[in-house]
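Reading through the structure tokens given below for one structure.
Chains as they are written, first to last, in the working numbering: chain A, 963 to 1397; chain B, 75 to 250; chain C, 13 to 89.
What follows is the structure, given as structure tokens:
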């Protein structure tokens, strides 16, 4: 590897502000990359990565080539994401993830994923502490509004296998197990899916099943309650023309057990007196959704993705989702994506803006109220090998920046913040490295 | 409830119809497999403008490789074919690669990054006329034609197993 | 949801792809997949990124499923 300059990470002095932060965030990743490079001298992408100019826009760039059809195994890859969420309800969430995929034979691959959610919220807990509306004890850990007060950890392992012989030749299956735990909740999930290709690989049929067992043990209560979910799904993907691909998705979800939110409080004004109740919802919910997606290639460089979804459930919530995503390659160096998503939903049959008397089912959950949301997305993918920048000088690297602006409006103000409108800002910075 | 049933049945029906359609297509596409029949004669042009006729290769064992720069296993197979060709070309063996990229630049870009350049012809067939003659099932497709011009082996996809099989098959065809 | 809108939805979801596939039944040959192999043509090309979006939407909205993305584990459904 010839290089007119020392290692890429020394090319640019530390920067202030956001760029500085990104630069700093890149250092551990750069270390990871160089470490892997030394292990794997023979890199799959053969080109050298001599930095010639900040943006070469030329032959060294590599577009990540994805496996378009389900019978291909995922590529060997390490992916790190730093994600954050902020909203006007004063909730902040930071959730870094790391995922590794590795093939271990022609037909098998394994993937590992780890995620941490750090939620900092002036949420229900402070509400209890301040208002003392229940006999709740304050949480043992965390506490203050400006400190991370809840941590969730999630670990998952997955296995993919291509079937190379027998009756189901050309099919593939995957199995995933996931365990998630936070101080008042735990969840174990098993997921399996089977894909089968037909019509010269123009058609992919996929059936899936997700099963999960959750336990809820809120610190403000003395009980532990269980929830079980099972979600069979069916997906059909059809290549319609060399530039158009369509997908039909159907999913069924049955949730049973304790489905409510133990931290939410229903206030009933009964004869001039305010009484507080726990939320109570039915102990079963059957949820169905059907979706259709189309992806159309516009010319050589851009693609337009249209997705529609209709959802309905046994609590009478129904919703309609439309989303559009336009993506365009900016030369070989980058890909830009602009997305818009619109969503509106109806109200659960037992949701009331105000309960005049105690009822069998009562909730204040905004998710069960009539409302709509709009989501604006901008994403930028930078392909390694095109830039004289730390990390990005390596053609096996891809950086992803994702930003979403989310607005949700509900007919009844949120029970806690008292706002009808939620504005959230989601930022994600990700790096993928193929080895 | 009634409405939900209606939606559900409509969806189930369309899903069923699509699946049935897919199955029909699968049957329709089963097509003729030209195994153990004479290979269709074709000619094509390389990036350098050289005309390649399959007919000129009679008396040689020919490995036809249908590939594209956008296909992952094809990119893995190509360097292996370069090696195989180097080893066996002194016998009566040749590789003919047929690239199906719609933009010839993409093929050139891929080739320019190879450590060892192929010494066999690489035909550019942007219209996909040659692969249509051979009724490909997937990419890459590797076809072995014996000295008499008969299609003897076909491989779809590329894995370590295919690699070993290909070497053995080339050997056996060369001693025929 | 009004019946008219519902009917339109069904039409879009079921009939359009169906009609399209009748006219184009498997005409995409293996060697014609160059455009479809482009990462921008893959549904949920980056499953982890899709999961990140799914994660906050699941927590804010009353619907789930049929997006092709998967998230889970949190007690927020």
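Glycine included, each C-beta is placed from N, C-alpha and C at the ideal position.
Please give me, in chain order, every unbroken run of the alpha helix (DSSP H) with length at least 4 that falls completely inside the stretch 167–229 of chain B.
Runs of alpha helix (DSSP H) with 4 or more residues, each lying fully within the stretch 167–229 of chain B, are found at 178–186, 203–208, listed in chain order.
Interfacial residues, the stretch 174–196 of chain B to chain C, with Cβ spacing under 9 Å
Only 174, 175, 176, 177, 180 from the stretch 174–196 of chain B bring a Cβ to less than 9 Å from some Cβ of chain C.
Pairwise C-alpha distance: residue 198 (chain B) and residue 1039 (chain A):
Rounded to the nearest angstrom, the two C-alpha atoms are 32 Å apart.
Count the C-beta pairs between the stretch 1140–1149 of chain A and the stretch 188–198 of chain B that are closer than 8 Å, then say yes if the count reaches three, no if not.
Contact between the stretch 1140–1149 of chain A and the stretch 188–198 of chain B is absent, because fewer than three Cβ pairs lie under 8 Å.
Determine the direct distance from the alpha carbon of residue 223 (chain B) to that of residue 164 (chain B), and round the result to whole angstroms.
Whole-angstrom Cα-Cα distance: 19 Å.
Just to check my reading of the structure: residue 118 (chain B) and residue 172 (chain B) have Cβ atoms closer than 8 Å, yes? What is that Cβ distance to the nearest angstrom?
With 8 Å as the limit, residue 118 (chain B) and residue 172 (chain B) qualify as a contact, their Cβ atoms being about 7 Å apart.
Determine the extent of the alpha helix (DSSP H) in which residue 246 (chain B) is found, giving its start and end residues.
234–248 is the extent of the alpha helix (DSSP H) around residue 246 (chain B).
Could one say the Cβ of residue 81 (chain C) lies closer than 8 Å to chain A's Cβ atoms, at least one of them?
Residue 81 (chain C) does not count as touching chain A.
Proximity test, Cβ basis, 8 Å: residue 1243 (chain A) and chain C:
Not flagged as an interface residue toward chain C: residue 1243 (chain A), since no C-beta distance is shorter than 8 Å.
Using a Cβ-Cβ distance under 8 Å, would residue 46 (chain C) count as near chain B?
Among the residues facing chain B, residue 46 (chain C) is included, as its CB has a counterpart in that chain under 8 Å away.
For the stretch 1332–1343 of chain A against the stretch 1293–1304 of chain A, do three or more pairs of beta-carbon atoms, one drawn from each stretch, fall closer than 8 Å, so that the two count as touching?
Two segments are said to touch when three or more pairs of C-beta atoms, one from each, lie closer than 8 Å; by this definition the stretch 1332–1343 of chain A touches the stretch 1293–1304 of chain A.
For residue 1262 (chain A), which option in C:55, C:43, C:51 has the closest C-alpha, if you only look at C-alpha atoms?
The candidate whose alpha carbon is nearest that of residue 1262 (chain A) is C:51.
Going by other Cβ atoms of all chains shown within 10 Å of its Cβ, with 16 needed for buried, is residue 204 (chain B) buried or exposed?
By the 16-neighbour rule on beta-carbons within 10 angstroms, residue 204 (chain B) is buried.
Are the C-beta of residue 78 (chain C) and some C-beta of chain A separated by less than 8 Å?
For residue 78 (chain C), the answer is yes, since a Cβ of chain A falls inside 8 Å of its Cβ.
Thinking just about the alpha-carbon of each residue, which of A:1035, A:1188, A:1285 is nearest to the one in residue 1123 (chain A)?
Restricting attention to A:1035, A:1188, A:1285, the CA atom closest to the CA of residue 1123 (chain A) is found in A:1035.
Please compile the residues from chain C whose C-beta is within a distance smaller than 8 Å of the C-beta of residue 1139 (chain A).
None at all; the shortest Cβ gap to chain C is about 11 Å.
Is the beta carbon of residue 1057 (chain A) less than 8 Å from the beta carbon of residue 1078 (chain A)?
Yes, they are a contact pair.
Would residue 196 (chain B) be called buried (16 or more neighbouring beta carbons within 10 Å of its own) or exposed?
Residue 196 (chain B) should be labelled buried.
Secondary structure at residue 125 (chain B), three-state DSSP: helix, strand or coil?
Correct three-state label for residue 125 (chain B): strand.
C-beta contact flag for residue 1384 (chain A) and residue 1370 (chain A) at 8 Å
Yes, these two residues count as a Cβ contact at 8 Å.
Residue 142 (chain B) and residue 46 (chain C) closer than 8 Å at C-beta
Contact: yes.
Helix, strand or coil for residue 115 (chain B), going by three-state DSSP, please let me know.
In this structure, DSSP gives residue 115 (chain B) a state outside helix and strand, which the three-state scheme calls coil.
Kindly say whether residue 42 (chain C), judged by its beta-carbon, lies nearer than 8 Å to any beta-carbon of chain B.
Yes, contact with chain B.
Cβ shell of residue 185 (chain B) (< 6 Å), same chain only, five flanking positions each side left out:
Once the five neighbours on either side are set aside, residue 185 (chain B) has no close Cβ partner at all.
Would you mind telling me which residues of chain C sit closer than 8 Å to residue 119 (chain B), beta carbon to beta carbon, in chain order?
Going along chain C, no residue has its Cβ under 8 Å from residue 119 (chain B), so there is no contact; the nearest lies around 17 Å.
Is there at least one Cβ from chain C nearer than 8 Å to residue 128 (chain B)'s Cβ?
No, no contact with chain C.
Starting from residue 161 (chain B), trace the alpha helix (DSSP H) both ways and give me its first and last residue.
Per DSSP, residue 161 (chain B) belongs to the alpha helix (DSSP H) from 146–162.
Please list the partners that residue 140 (chain B) has in chain C, where partner means a Cβ-to-Cβ separation under 9 Å.
Within chain C, the residues placing a beta-carbon under 9 Å from that of residue 140 (chain B) are 42, 43, ordered along the chain.
Neighbour flag for residue 1223 (chain A) against chain B, beta carbons, 8 Å
So no, residue 1223 (chain A) is outside the interface.
Alpha carbon to alpha carbon, how far is residue 1275 (chain A) from residue 200 (chain B)? Give it in angstroms, no decimals.
Residue 200 (chain B) and residue 1275 (chain A) have their alpha carbons spaced roughly 50 Å apart.
From the DSSP output, read off the bridge partner residues of residue 303 (chain B).
Since the first and last residues shown for chain B are 75 and 250, residue 303 (chain B) lies out of range.
By alpha-carbon positions, which one of B:151, B:168, B:150, B:113 ends up nearest to residue 248 (chain B)?
It is B:168.
Measure how close the beta-carbons of residue 1201 (chain A) and residue 1172 (chain A) come, nearest whole angstrom, since I'm counting them as under 8 Å.
Not confirmed; about 26 Å, so no contact.
Quick one: is residue 1390 (chain A) near chain C, going by C-beta distance under 8 Å?
Output row for residue 1390 (chain A): interface = yes.
Taking a Cβ distance cut-off of 8 Å, strictly less, list which residues of the stretch 1150–1167 of chain A are near chain B, in chain order.
Of all residues in the stretch 1150–1167 of chain A, 1160, 1161, 1162, 1163, 1164, 1165, 1167 have a Cβ within less than 8 Å of some Cβ in chain B.
What number of angstroms, rounded off, separates the C-alpha of residue 1133 (chain A) from the C-alpha of residue 1364 (chain A)?
Distance between the alpha carbons of residue 1133 (chain A) and residue 1364 (chain A): 33 Å.
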